[in-house]
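Just below is one structure, and these are the notes that go with it.
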Amino acid sequence: MDRWVSRPYEARTTERDLARRARHRLAVLRHAKEVSGNIAATCRYYGISRQCFYTWRRRYEPVVRHRVQPPSPASKSASAPTPTRCPVSDLR
Numbered sequence: 006m007d008r009w010v011s012r013p014y015e016a017r018t019t020e021r022d023l024a025r026r027a028r029h030r031l032a033v034l035r036h037a038k039e040v041s042g043n044i045a046a047t048c049r050y051y052g053i054s055r056q057c058f059y060t061w062r063r064r065y066e067p068v069v070r071h072r073v074q075p076p077s078p079a080s081k082s083a084s085a086p087t088p089t090r091c092p093v094s095d096l097r
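So, in structure tokens, the structure goes:
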């Protein structure tokens, strides 16, 4: 039996590894937003590409927004109903 047969990458990834990577990605996003305010500088600091950063931001943005401030319930019903038009003949 060959002990050194490589397993697929997914088989080696544990829940702990996934959680660690997610925490790292969220830390990068928070750094760009709260510390530097500059995405290019944050990417240079962490050694990642801006494309990678924007992919992470697209993936984790709902999580970050939810943790910072949940959306207000009024935002769904904030628009006023459209008034109905009545014909000119009804006004006379």
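The numbering used here applies: residue 6 is where the sequence shown begins, and numbers increase by one.
Just so you know, even glycine gets a beta-carbon here, dropped at the ideal spot from N, CA and C.
Quick caveat, the model's predicted, so the values are computed rather than measured.
Here I53 carries a coil assignment [DSSP, helix/strand/coil].
In the assembly as shown, L23 is an exposed residue. Its beta-carbon has fewer than 16 other beta-carbons within 10 Å. With respect to the 8 angstroms criterion, L31 and Y65 are classified as neighbours on the basis of their beta carbons. For H36, there is no enclosing alpha helix (DSSP H), as DSSP marks it with neither H nor E. Non-local C-beta neighbours of T18 in its own chain, meaning closer than 6 angstroms and more than five positions away in sequence, are absent. Around the CB of A46, fewer than 16 other CB atoms lie within 10 Å, so the residue is classed as exposed.
Y51 and V40 do not touch by the CB rule: their CB atoms are close to 11 angstroms apart, not below 8 angstroms. A direct Cα-to-Cα measurement between A27 and E20 gives close to 11 angstroms.
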